[in-house]
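Peer 1: Residue numbers are given in this note's numbering: position 57 of the sequence shown equals residue 813, and the series is strictly consecutive. Backbone N, C-alpha and C define an ideal beta-carbon position, used for all residues, glycine too.
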Amino acid sequence: MHLVQHIPDGQTEAHQRKAIESVSLFRIRSRSGSILIVGASRGLGCAMAAEFLKRKWEVVGTVRGSARTDLHDLADEHQGQVEVECLDITDPDQIAALRSRLSGRSFDILFVNAGTGNKNRHESLAEVSTEEFVRVMVTNALGPMRVVEALQTLVPAKGLIGVMSSGQGSIANNEKGRNDVYRGTKAALNMYMRSYAARHAGDRRALLLMAPGWIRTELGGPDAPFGIEETVPDIVNVVMSKRGRPGLEFLDRMGKTVPW
Ligand SMILES: NC(=O)c1ccc[n+]([C@@H]2O[C@H](COP(=O)([O-])OP(=O)(O)OC[C@H]3O[C@@H](n4cnc5c(N)ncnc54)[C@H](OP(=O)(O)O)[C@@H]3O)[C@@H](O)[C@H]2O)c1
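#1: Applying the criterion that 16 or more other CB atoms from any shown protein chain within 10 Å of the CB defines a buried residue, is A943 buried or exposed?
#2: How about A870 and T818: do their beta carbons lie closer than 9 angstroms?
#3: Given 8 angstroms as the limit, tell me if W1016 has its C-beta closer than that to any heavy atom belonging to ligand 1.
#4: Give every residue of the same chain whose Cβ lies closer than 8 angstroms to the Cβ of M1010, excluding the five residues on either side of it in the sequence, and list them in chain order.
#5: Could you pull the start and end residues of the beta strand (DSSP E) that G801 belongs to?
#6: Is L963 helix, strand or coil by DSSP?
#7: Which residue or residues does DSSP assign as beta-bridge partners of T818?
#8: What residues are listed by DSSP as bridge partners for T1013?
#9: So, for E777: in the same chain, excluding its five sequence neighbours on each side, which residues have a beta-carbon less than 6 angstroms away from its beta-carbon?
#10: Tell me the DSSP secondary structure of F889 in three-state form.
#11: Rounded to whole angstroms, what's the CA-CA distance from R847 to N930? Just pull it up for me.
#12: For N896, is the classification buried or exposed, using 16 other Cβ atoms within 10 angstroms of its Cβ as the cut-off for buried?
#13: Please give the ranges of any beta strand (DSSP E) in the region 874–942, keeping only runs that are unbroken, at least 3 residues long and fully inside the region.
#14: What are the start and end residues of the beta strand (DSSP E) that includes I791?
#15: Grouping DSSP H, G and I as helix and E and B as strand, with all else coil, what is L866?
#16: Any idea what DSSP makes of R1001, helix, strand or coil?
#17: Going along the chain, which residues of its own chain have a beta-carbon closer than 7 angstroms to the beta-carbon of V950, five neighbours each way excluded?
#18: Does at least one heavy atom of ligand 1 sit under 8 angstroms from the Cβ of N946?
#19: Can you tell me which of S788, I917, I971 and A962 puts its alpha carbon nearest to the alpha carbon of Q755?
#20: Would you call the region 888–908 in contact with the region 844–860, where contact means no fewer than 3 C-beta pairs closer than 8 angstroms?
#21: Where DSSP assigns a beta bridge to I971, which residues make up the other side?
#22: Alpha carbon to alpha carbon, how far is A954 from V794? Give it in angstroms, no decimals.
#23: If contacts are defined as beta-carbon pairs under 8 angstroms, then G915 and I865 qualify, I think. What distance do you get, rounded to the angstrom?
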């Protein structure tokens, strides 16, 4: 059984009481730490959830919609250690509703992993439709920042707020062009995180933009040189080692600084 804190409309009070008891149990069992991973249904987000579970962390992961996902399977394998929450980061009402459901909770790490690419990667800026450009930009830049802004108070002073960026978001390293739509959204994300960090200059929380490398997932595609199993432990190592280091860093999965 996985713990689902979100109580859909129409459920009875008994259901609600049971869900609240489950959440209390979840908290009592809390061990190494707790992480909220936004966008954990599959790919890198779900693999990060699995890696944190291996390290005895409690995980709350979000998925979109009501369909069963890899995260639900993971929750079944790790009973009492995974909560599945619901969030589409492009919907401000859903972000507000999640914030309200998580009221009173605290997470050592908030990690916003959710992201997307344009459907036709070969489409240049000259070719992409406005609608598709807006979809990718809202998902990769505006959505993650809205989540960070809305959920930041759930992370204590010693905590970490991380966002999944990409090496393709580096302006300095862009010498080849290509994949412009995606690149631009991750560069925008980096800029917005820098603004966020500047506005929170006295904040003791660690802020991280992660460039995980090119990895075989649905988004990365089959030609990527690295697999999930060989890369996600490194990604999690970098997240862990960034804890306790206030301020924003843009790091690759080996912990090396990526030029802005
Ligand atoms: N793989 C790579 O080579 C690579 C390289 C650099 C950076 N990244 C970044 O790493 C992150 C994860 O990518 P991935 O490779 O694991 O891709 P993926 O397998 O396609 O997974 C994407 C994840 O983001 C979620 N997501 C997408 N749009 C969302 C939305 N509007 N609201 C909530 N969740 C949403 C997806 O949920 P659904 O299941 O509901 O669609 C899924 O969990 C992304 O930010 C990506 O840009 C990946």
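Peer 2: Let's see:
#1: As a working note, residue 943 is residue 187 in the sequence shown. The residue is buried, with at least 16 neighbouring Cβ atoms inside 10 Å.
#2: As a first step, residue 870 is located in the sequence shown; it is residue number 114 there, counting from the start. As a first step, residue 818 is located in the sequence shown; it is residue number 62 there, counting from the start. In this structure, T818 lies closer than 9 angstroms to A870 by Cβ.
#3: Residue numbering aside, residue 1016 sits at position 260 when the sequence shown is read from its first letter. No, Cβ of W1016 sits at least 8 angstroms from all heavy atoms of ligand 1.
#4: Taking the first residue of the sequence shown as 1, we reach residue 1010 at position 254. Counting only Cβ-Cβ distances below 8 angstroms, and skipping sequence neighbours, we find D990 and V994.
#5: For the purposes of this step, residue 801 is taken as residue 45 along the sequence shown, with counting starting at 1. In the DSSP annotation of this structure, G801 is not part of any beta strand (DSSP E); the continuous alpha helix (DSSP H) holding it starts and ends at G799 to K810.
#6: In the sequence shown, residue 963 corresponds to position 207, counting from 1. Note: L963 maps to strand in three-state DSSP.
#7: Locating residue 818 in the sequence shown gives position 62, counting from the first residue. Note: T818 sits in a beta bridge opposite E841.
#8: Your numbering for residue 1013 matches position 257 in the sequence shown. Bridge partners of T1013: L1007.
#9: For this step, residue 777 is matched to residue 21 along the sequence shown. Any reading at E777 must be qualified, since the residue scores a pLDDT of 48, below 50, and its modelled position is unreliable; no value is offered.
#10: As a working note, residue 889 is residue 133 in the sequence shown. If DSSP states are grouped into helix, strand and coil, F889 belongs with the helices.
#11: Locating residue 847 in the sequence shown gives position 91, counting from the first residue. Locating residue 930 in the sequence shown gives position 174, counting from the first residue. In the sequence under discussion, the amino acid at residue 847 is Asp, which differs from the Arg named in the question. Rounded to whole angstroms, D847 to N930 spans 31 angstroms at the Cα level.
#12: Position 140 of the sequence shown, counted from the first residue, corresponds to residue 896. When all chains shown are included, N896 counts as buried.
#13: Fully enclosed beta strand (DSSP E) runs of 3 or longer: 916–920.
#14: For this step, residue 791 is matched to residue 35 along the sequence shown. From DSSP, the beta strand (DSSP E) with I791 extends over S790 to V794.
#15: In the sequence shown, counting from the first residue as 1, residue 866 sits at position 110. L866 falls in the strand class under three-state DSSP.
#16: Taking the first residue of the sequence shown as 1, we reach residue 1001 at position 245. In this structure, R1001 counts as coil in the three-state DSSP scheme.
#17: Taking the sequence shown and counting its residues from 1, the one referred to as residue 950 is at position 194. The sequence shown places Arg at residue 950, not Val. Within the same chain, R950 has close Cβ partners L1004.
#18: Walking along the sequence shown from the start, residue 946 turns up at place 190. No heavy atom of ligand 1 is found nearer than 8 angstroms to the CB of N946.
#19: For the chain, the structure presents residues 757 to 1016; residue 755 sits outside this window and is missing.
#20: The answer is yes - the region 844–860 touches the region 888–908, with three or more Cβ pairs under 8 angstroms.
#21: The sequence position of residue 971 within the sequence shown is 215, counting from 1. According to DSSP, I971 bridges with F982.
#22: The residue you call residue 794 lines up with position 38 of the sequence shown. The residue you call residue 954 lines up with position 198 of the sequence shown. Computed Cα separation, rounded: 23 angstroms.
#23: Residue 915 sits at position 159 when you count from the first residue of the sequence shown. Residue 865 sits at position 109 when you count from the first residue of the sequence shown. Indeed, because the Cβ distance is near 6 angstroms, the residues count as touching under 8 angstroms.
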